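The block underneath contains the structure these notes are about, expressed in structure tokens.
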DNA sequence: CTCCAATTTCTTGTATCCAAAACCGGCTCT
DNA sequence: AGAGCCGGTTTTGGATACAAGAAATTGGAG
């Protein structure tokens, strides 16, 4: 209790912390949201971990109010699960929920890429190609994860459907932790056991980029749908990822 | 300012208000969320209307804190738009945003009904048929709106995809105000001008129910996709709904 | 009369404080 | 010995208080 007094931090606290980038007059709740979201996406907060309001507030040097709003925001994004009077935990997807997300993505991402395909600038296509090559070269699973995400999201970015793009980003965020685990394992096994998983993905990327460079919306949609479905089925073959 | 002291309500306030159903230990923020959501869906709060935290708090006899959480929740649902330091307004969709929602629905609702079609019980089918007949008989646009919504959501309900169903309900909520305006006008014009709009919808419903009774997932999906697309195109022909 | 600006008012964002529910430990009773 | 109960502790939900930013209004100048 006496410790409480330590937490008394005044608003102007410019305290040397590199935590979040707090720009101009941005509400602290948004700072807290970004802070927690990044912690979850980077895996610093693993699935199921409890998040205490006061602990986060202390880390950020704020009161619990902005933290509470951040938690609610993240619950809406599907990154944490929040039970009244119990508390917040990093969301843990079971296999069915995960499969459902992939099934939804299978419908929405082809739409996004189809709408994007005809609108991508040559510059954007160049960046996509560059990203694809980097992905093929990368062998660090964390880097791979980051680049793959960037590649796909960039391929949708020209679609004039902001709400759709937000939803898709949310899906990627929700499943990020599992992709991390999965590709971490794939990378570990690559030398000996399953050498076809990643190359298959690389092939899909090439087909996708080819369709995009031809501005072929239909083809891009089909390739992407297959790509996502393949991933979903791979997930089904690795259900033990969820049983932990 | 002196008035402020009046608003001083203690937590136990059993004040006689029928506002929201506040059950057991439910957080007030959820009560506030339901309260505002209903107000918006029923049209008591029209598009663009500003929502003041303190006003809502006073109506509910709470502080602003639960109201703020409700506002954030409703923003995630797309029912209000919330700008930092400015305030909250009931969301106003322009034509493009609305078309985007319909385009997304065109992908997701066929999925939902396909997954639902093979799982609907005979009892559920009976209720659907009853709903359909009520819809055809109803001439009050408000009732029509309610029943149509119930019919479609009920047709998806058997799909084992809770997240998808929540998203779909959110889309219906987001566009509810515009449907209200649109069908209100259609009803007014029915006697003289455009007598084909509603019967077309009734026909779609019959085709849909037929497919469902045959448990034909593919057919149901196709019919539904066409139904939604038709609605989207009707929307495009009535863009002036948004220019107000 | 209109337009700009300074002040006033209002509203939001956040800190602090309080009550009550959930958790945790030991204790008792069977 | 194990299960249930009871008190202290922790943690959340909510209220109130206050500071800072936006909006509104009034006063003045052109």
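Protein chains in written order, with my numbering: chain A, 7 to 250; chain B, 7 to 250. Glycine residues also receive a C-beta, built at the ideal position from the N, C-alpha and C atoms. A quick note: this is a predicted structure, and the numbers were derived from the prediction, not measured.
{"Asked": "Closest residue to residue 122(B) among 159(B), 107(B), 58(B), 99(B) (Cα-Cα distance)", "Found": "159(B)"}
{"Asked": "Contiguous alpha helix (DSSP H) assignments of at least 4 residues, all confined to the stretch 93–167 of chain B", "Found": "101–123, 128–143, 147–162"}
{"Asked": "Residue 239(A), DSSP secondary structure in three states", "Found": "helix"}
{"Asked": "Spatially closest choice to residue 44(B) from 67(B), 80(B), 207(B), 61(B), by CA coordinates", "Found": "80(B)"}
{"Asked": "When 31(A), 110(A), 223(A) are compared against residue 90(B), the one with the closest alpha-carbon", "Found": "31(A)"}
{"Asked": "CB contact below 8 Å: residue 167(B) versus chain A", "Found": "yes"}
{"Asked": "Contact with chain B by residue 17(A), beta-carbon distance below 8 Å", "Found": "Only weak support is given to the placement of residue 17(A): the predicted model assigns it a pLDDT of 35, under 50, and the question is left unresolved by the model."}
{"Asked": "Any 3 or more C-beta pairs closer than 8 Å across the stretch 122–137 of chain A and the stretch 213–232 of chain A", "Found": "yes"}
{"Asked": "Residues, ordered as in the chain, of the stretch 100–111 of chain B that lie near chain A by beta-carbon distance below 8 Å", "Found": "102, 103, 106, 107, 109, 110"}
{"Asked": "DSSP-derived helix/strand/coil call for residue 88(A)", "Found": "strand"}
{"Asked": "Below-8 Å beta-carbon distance, residue 158(B) vs any chain A residue", "Found": "no"}
{"Asked": "Secondary structure of residue 70(A), DSSP reduced to three states", "Found": "helix"}
{"Asked": "Contact with chain B by residue 82(A), beta-carbon distance below 8 Å", "Found": "yes"}
{"Asked": "Cβ contact (3+ pairs, closer than 8 Å) linking the stretch 169–185 of chain B and the stretch 100–120 of chain B", "Found": "yes"}
{"Asked": "Residue 66(A) beta carbon less than 8 Å from that of residue 94(A)", "Found": "no"}
{"Asked": "Rounded separation between residue 167(A) and residue 109(B) - CA only", "Found": "10 Å"}
{"Asked": "Min CB distance residue 93(B) to chain A below 8 Å", "Found": "no"}
{"Asked": "Residue 56(B) (DSSP reduced to helix, strand or coil)", "Found": "strand"}
{"Asked": "Exposure label - residue 72(B); buried when at least 16 CB within 10 Å", "Found": "buried"}
{"Asked": "Residue range of the alpha helix (DSSP H) that includes residue 36(A)", "Found": "34–47"}
{"Asked": "Residue 51(A), DSSP secondary structure in three states", "Found": "coil"}
{"Asked": "Under 8 Å between C-beta atoms of residue 112(A) and residue 235(A)", "Found": "yes"}
{"Asked": "Residue 244(A), DSSP secondary structure in three states", "Found": "coil"}
{"Asked": "Contact under 8 Å by Cβ, residue 145(A) with residue 248(A)", "Found": "no"}
{"Asked": "Under the three-state DSSP convention, the category residue 216(A) falls into", "Found": "helix"}
{"Asked": "Three-state secondary structure assigned by DSSP to residue 31(B)", "Found": "coil"}
{"Asked": "Contact under 8 Å by Cβ, residue 107(B) with residue 207(B)", "Found": "no"}
{"Asked": "Cutoff 8 Å: residue 33(A) Cβ touching any chain B Cβ", "Found": "yes"}
{"Asked": "Neighbour-count burial assignment, residue 237(A), 16 or more Cβ in a 10 Å radius", "Found": "buried"}
{"Asked": "Chain B contact for residue 151(A) (CB, 8 Å cutoff)", "Found": "no"}
{"Asked": "Anticipated Cβ contact below 8 Å, residue 126(B) with residue 164(B), distance rounded", "Found": "5 Å"}
{"Asked": "Cutoff 8 Å: residue 20(A) Cβ touching any chain B Cβ", "Found": "The predicted position of residue 20(A) is uncertain, since its pLDDT is 37 and thus under 50; a value taken from the coordinates is nonetheless stated next. No, residue 20(A) lies away from the interface with chain B (no Cβ there is under 8 Å from its Cβ)."}
{"Asked": "Reference residue 243(A); option with closest CA among 47(A), 97(A), 130(A), 105(A)", "Found": "105(A)"}
{"Asked": "Residue 154(A) classed as buried or exposed, judged by whether at least 16 other C-beta atoms fall within 10 angstroms", "Found": "buried"}
{"Asked": "Cβ-based neighbour list, residue 47(A), same chain, cut-off 7 Å, excluding 5 preceding and 5 following", "Found": "179, 182"}
{"Asked": "Contact list for the stretch 66–82 of chain A against chain B, Cβ threshold 8 Å", "Found": "71, 74, 75, 78, 79, 82"}
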